[in-house]
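Some notes on the structure that comes next.
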Amino acid sequence: MAKPVKRRLRKLLPWALGLFAGGIVLVLVIAYSGIFNIAASAGHPAWMEWFLRLGKDRSVIVNSQSVDVPELDLAGLVPLGAAHFQGGCATCHRMPGQVLNPVYDQMLPPPPDLQTHAPMWTREQLFWMVRHGIQFTGMPSWSGHDRDDEVWAVVAFLEMMPSMKAEDYQTYANGNAGAISKAQNYSANEIASQGRPKISLSACDRCHDTSHAPPTSPYVPSLGGQDKAYLQRALHEYRRDLRQSGFMEPIAVELDDEDINNLADYYASLKVLAGKPARSLSSEGAGLGRQLAEHGDLSRKIPACLSCHGANKRPDYPRLDGQSEQYLRQQLQVLQRGVRAKTPHGAIMTTIAKRLTESQAKAVAAFFAGQSSTEYAGHKAGEGLR
Amino acid sequence: MMTHTIKKMLCLMILLALAGCDSRQSAFSGLGPVSSRITLLIWIMFTGAALITVFICALMAISIAGPAGWRQKLTTEKNIVWGGIVFPIVVLTALLIYGFLILNAGGTLAQAENPVRISVVGEQWWWRVIYRHDDGHTTESANELRIPTGRPIEIELSTADVIHSFWIPAYAGKIDMIPGRTNILHLVADKPGIVTGQCAEYCGGAHALMSFYTVAMAPADYDAWLAKERMNAKPAHVLEGEQLFLSAGCAGCHTVRGTRADGKIGPDLTHVGSRLSLGAGILPNTTEGFGKWISRHQTIKPENLMPPFDIFSENELQSLSVYLNSLE
Numbered sequence: 026m027a028k029p030v031k032r033r034l035r036k037l038l039p040w041a042l043g044l045f046a047g048g049i050v051l052v053l054v055i056a057y058s059g060i061f062n063i064a065a066s067a068g069h070p071a072w073m074e075w076f077l078r079l080g081k082d083r084s085v086i087v088n089s090q091s092v093d094v095p096e097l098d099l100a101g102l103v104p105l106g107a108a109h110f111q112g113g114c115a116t117c118h119r120m121p122g123q124v125l126n127p128v129y130d131q132m133l134p135p136p137p138d139l140q141t142h143a144p145m146w147t148r149e150q151l152f153w154m155v156r157h158g159i160q161f162t163g164m165p166s167w168s169g170h171d172r173d174d175e176v177w178a179v180v181a182f183l184e185m186m187p188s189m190k191a192e193d194y195q196t197y198a199n200g201n202a203g204a205i206s207k208a209q210n211y212s213a214n215e216i217a218s219q220g221r222p223k224i225s226l227s228a229c230d231r232c233h234d235t236s237h238a239p240p241t242s243p244y245v246p247s248l249g250g251q252d253k254a255y256l257q258r259a260l261h262e263y264r265r266d267l268r269q270s271g272f273m274e275p276i277a278v279e280l281d282d283e284d285i286n287n288l289a290d291y292y293a294s295l296k297v298l299a300g301k302p303a304r305s306l307s308s309e310g311a312g313l314g315r316q317l318a319e320h321g322d323l324s325r326k327i328p329a330c331l332s333c334h335g336a337n338k339r340p341d342y343p344r345l346d347g348q349s350e351q352y353l354r355q356q357l358q359v360l361q362r363g364v365r366a367k368t369p370h371g372a373i374m375t376t377i378a379k380r381l382t383e384s385q386a387k388a389v390a391a392f393f394a395g396q397s398s399t400e401y402a403g404h405k406a407g408e409g410l411r
Numbered sequence: 003m004m005t006h007t008i009k010k011m012l013c014l015m016i017l018l019a020l021a022g023c024d025s026r027q028s029a030f031s032g033l034g035p036v037s038s039r040i041t042l043l044i045w046i047m048f049t050g051a052a053l054i055t056v057f058i059c060a061l062m063a064i065s066i067a068g069p070a071g072w073r074q075k076l077t078t079e080k081n082i083v084w085g086g087i088v089f090p091i092v093v094l095t096a097l098l099i100y101g102f103l104i105l106n107a108g109g110t111l112a113q114a115e116n117p118v119r120i121s122v123v124g125e126q127w128w129w130r131v132i133y134r135h136d137d138g139h140t141t142e143s144a145n146e147l148r149i150p151t152g153r154p155i156e157i158e159l160s161t162a163d164v165i166h167s168f169w170i171p172a173y174a175g176k177i178d179m180i181p182g183r184t185n186i187l188h189l190v191a192d193k194p195g196i197v198t199g200q201c202a203e204y205c206g207g208a209h210a211l212m213s214f215y216t217v218a219m220a221p222a223d224y225d226a227w228l229a230k231e232r233m234n235a236k237p238a239h240v241l242e243g244e245q246l247f248l249s250a251g252c253a254g255c256h257t258v259r260g261t262r263a264d265g266k267i268g269p270d271l272t273h274v275g276s277r278l279s280l281g282a283g284i285l286p287n288t289t290e291g292f293g294k295w296i297s298r299h300q301t302i303k304p305e306n307l308m309p310p311f312d313i314f315s316e317n318e319l320q321s322l323s324v325y326l327n328s329l330e
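This is the structure we're talking about:
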């Protein structure tokens, strides 16, 4: 009984192979002939639409399963995510209180209106899409390599957006540059000649500190009072894709050398706002942070932070005092992952950051967050040369 | 073709082997009483082993192809007892006792009065050298050992991290530096000269590049040198290099006594300009050497624990190098 079946199968084999080869040839012929219409205007037939959607959705669901969600500080992350959405995503995905741009709406597939679509996805899935992008849809992957920490800010915002009123959104998205949106009445002449004024992507005030306000998010560094050389270096590194940030890189490429020079001058002379008191830290932790900052840890070969970041530092080294604890911790983690090792300055700090334990990183971030610039100017390491 | 390659390889191996005969880092040079006794022991053992090998070969030849009478004699019980049991016991015991006596040579040095006391701490991958003065004070230096001739030297060996082994072949046998322990090495240098030492226990990535110079000096020269070493660095003529050293963070790891630089993580640089080498016996101590070390030390000595400082302009590198080289 078994034998004839086997024999029959063996007879069928050449037919199956032939059919398979024929199928491949047919696909090639169709592709080469150009009879398949790929025009965005043509749209997809219903069966194709169903098939593509199935493939895309399943891919997002399956691939996002390995995503680990960290604890998200929503209040801190939303302003940052909002400002980036405004600068990078809103063009295609529509901001609250606006209609979808008719040009981008003609893409195939059209970019989804995230106010209705974002709630359809889980946190992991949103993260995966923003982080990796989606093939053939025009959705790019995150431009800051290995900066997952930044992607979470966008995810936090996307979860919040559907319930946001247009005014709230504007407040978040324009940040410290908010004043411009309040003056709504532009003269016809103004609009006719220059267009309706809008806040450019390169408006630093959207996130960073101004003379009257601190940064909009604790994950944004305060720039006022940093040395010019450091500010210039940072912007050049972002522009040349040497320092990774999905937020800062697209902004830095819009700046030319002169802009960078002027901005660096501006922030170097911007006076530092008297910082908010740092988060309370146990006295043991505070002691550890101070110890590391002033003396380092000989057993782990960690030099004193203030030997590079003290008052007598090189102008191209950053000042740390008065930065938020969250920002400093995040940067230490980015350094520990080796993301900043591509730049010569980053390479120095990468070596040191990798020697810090988690509790040391936490303590030292808290220590600098608690220091105001006046406090540390009187520190021992800040004394002049002998 | 094949034989050509083999010949080349042989040449190379012979050259390499000959390089070992350079007396600077050779156990055969025997420049002190301890090492010369060790050298004597090596020769006694080598000659003895050679004689015994020849004798055994002869016996084997006889037992295979010798006259029947001789072969018969070799099998007697008396020969086996004397040749197989008594002879090895006597020879090995004699060697052991002789070995103990040589070990004791270091021991008698230990009882010598008023030795020169120096501590050496093995670090990945350099040597922290601490000179102990008679008045109880200490002077820290690094990657170079200076000793007076004719006086007993007592070196305390310890480690800051993993197991290292301290070996100056020309003066003494090697002694391990073991975490949690302090081992003592005694030696005497017979005459002035410069030899090299090396870490002799694999201790991680840059182990092979963990070397140092040992300079034996006439006692008067040594005293003068130590007095100078003990002093703070002279104020820099040109402040630019010193300013760079302090502002770039070098002071976080390195000490230059007499300045604000008081880092303890890396080698003390107070008188680094007067040392024979840089990077623990790796580069010549010149202005160019400093420049090379600062800008490219991770390629010169891969995995060493100093962060890469690829941030200086040509001019900055030059002033920093000039400053460091001036620390004599």
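Which chain is which? The protein sequence lines are H and F, in order.
To convert, count from 1 in the first sequence and add 25; that's our numbering.
To convert, count from 1 in the second sequence and add 2; that's our numbering.
All residues carry an ideal CB built from backbone N, CA and C; glycine is no exception.
> Taking the alpha-carbon positions, what's the H:Gly101 to F:Ser321 distance?
Replying inline: 45 Å
>> If I measure Cβ to Cβ from F:His209 and keep anything under 7 Å in the same chain, skipping five residues before and after, which residues do I get?
In response: Trp127 and Cys201
>> Quick check on the DSSP output: the alpha helix (DSSP H) that includes H:Thr116 runs from which residue to which?
In response: Ala115 to His118
> Contact check, H:Val155 vs H:Trp167 under 8 Å by CB: the rounded distance?
Replying inline: 6 Å between Cβ atoms; contact.
> Mind checking whether H:Tyr211 and H:Tyr352 have CB atoms under 8 Å apart?
Replying inline: No, they are not a contact pair.
> Residue range of the beta strand (DSSP E) that F:Met179 falls in?
Replying inline: Ile177 to Met179
> Is the Cβ of F:Ala114 closer than 8 Å to any Cβ of chain H?
Replying inline: Answer no: the Cβ-Cβ gap between F:Ala114 and chain H never drops below 8 Å.
> Since F:Tyr325 sits in a beta bridge, which residues does DSSP pair it with?
Replying inline: According to DSSP, which records beta bridges pairwise, F:Tyr325 is partnered with nothing at all.
> H:Glu279 by DSSP, collapsed to three states: which one?
Replying inline: In the three-state reduction of the DSSP assignment, H:Glu279 falls in the coil class.
> Under 8 Å between the Cβ atoms of H:Glu184 and H:Ala143?
Replying inline: The Cβ atoms of H:Glu184 and H:Ala143 sit closer than 8 Å to each other.
>> Any beta carbon from chain H within less than 8 Å of F:Ile313's own beta carbon?
In response: yes
> H:Glu326 touches chain F at which residues, Cβ-Cβ below 7 Å?
Replying inline: One point to set straight first is that residue 326 of chain H is Lys, not Glu, in the sequence displayed. Neighbours of H:Lys326 on chain F, chain order: Ile267 and Leu307.
>> With a threshold of 8 Å, are at least 3 pairs of Cβ atoms found where one atom belongs to the region 246 to 266 of chain F and the other to the region 311 to 325 of chain F?
In response: yes
>> Going by the DSSP bridge assignment, what does F:Glu125 pair with across the sheet?
In response: F:Trp128
>> Just checking: is the beta-carbon of F:Cys205 within a distance shorter than 8 Å of some beta-carbon in chain H?
In response: no
> Going by beta carbon distance, what residues of the same chain come within less than 8 Å of F:Ser297, once the five residues before and after it are set aside?
Replying inline: Phe311, Asp312, Phe314 and Leu319
> Looking at chain H, which residues of the region 239 to 257 of chain F have a Cβ within less than 7 Å of any of its Cβ atoms?
Replying inline: Gln245, Leu248, Ser249, Ala250, Gly251, Ala253, Gly254 and Cys255
>> Tell me which residues share the same chain as H:Gly203 and place their Cβ nearer than 8 Å to its Cβ, disregarding the 5 neighbours each side in the sequence.
In response: If the five residues before and after H:Gly203 are omitted, its C-beta is found closer than 8 Å to the C-beta atoms of Gln195 and Thr196, all from its own chain and listed in chain order.
> Taking Cβ-Cβ distances shorter than 7 Å, what residues in chain F pair up with H:Asp336?
Replying inline: One point to set straight first is that residue 336 of chain H is Ala, not Asp, in the sequence displayed. Simply none; closest approach about 10 Å.
>> List, in chain order, every chain H residue whose beta-carbon is nearer than 9 Å to that of F:Pro181.
In response: Simply none; closest approach about 12 Å.
> Given that a residue counts as buried once 16 or more other Cβ atoms are within 10 Å of its Cβ, and exposed if not, what is H:Thr382?
Replying inline: The residue in question, H:Thr382, is exposed, as its Cβ has fewer than 16 Cβ neighbours within 10 Å.
> What is the DSSP secondary structure of F:Ile120, counted as helix, strand or coil?
Replying inline: strand
> On the three-state DSSP scale, how would you describe F:Thr288?
Replying inline: coil
> Going by beta carbon distance, what residues of the same chain come within less than 8 Å of H:Gly310, once the five residues before and after it are set aside?
Replying inline: Ser384, Lys387, Ala388 and Ala391, listed in sequence order.
> So what does DSSP say about F:Ile313, is it helix, strand or coil?
Replying inline: Coil at F:Ile313, not helix or strand.
> Are the C-beta atoms of H:Pro302 and some chain F residue less than 8 Å apart?
Replying inline: The predicted position of H:Pro302 is uncertain, since its pLDDT is 49 and thus under 50; a value taken from the coordinates is nonetheless stated next. Not closer than 8 Å to any Cβ of chain F, the Cβ of H:Pro302 fails to qualify, so no.
> Does H:Thr376 come within less than 8 Å of chain F when only Cβ atoms are used?
Replying inline: A Cβ of chain F is located within less than 8 Å of the beta carbon of H:Thr376.
> Over what stretch of residues does the beta strand (DSSP E) that includes F:Cys201 continue unbroken?
Replying inline: For F:Cys201, the enclosing beta strand (DSSP E) has its first and last residue at Gly195 to Cys201.
> Beta carbon of F:Pro286, beta carbon of F:Ala144: below 8 Å?
Replying inline: no
>> For the alpha helix (DSSP H) containing H:Glu184, name the first residue and the last one.
In response: Asp173 to Met185
> When the distance is taken between beta carbons, is F:Ala250 closer than 8 Å to F:Thr257?
Replying inline: no
> What does F:Pro310 reach in chain H if we use C-beta pairs closer than 8 Å?
Replying inline: Pro369, Ala372, Ile373 and Thr376
> Quick one: complete alpha helix (DSSP H) runs, 4+ long, within the region 307 to 376 of chain H?
Replying inline: The region 307 to 376 of chain H contains, as complete alpha helix (DSSP H) runs of 4+ residues, the segments 308 to 320, 331 to 334 and 350 to 361 (chain order).
> Using 8 Å as the limit for Cβ to Cβ distance, is H:Leu357 near chain F?
Replying inline: no
> Tell me which same chain residues have a C-beta within less than 6 Å of the C-beta of H:Val278, skipping the five on either side of it?
Replying inline: If we look at H:Val278 and ignore the five residues flanking it on each side, its Cβ neighbours are Arg264.
>> Using only CA atoms, which one of F:Leu43, F:Asp223 and F:Leu241 lies nearest to F:Ala96?
In response: F:Leu43
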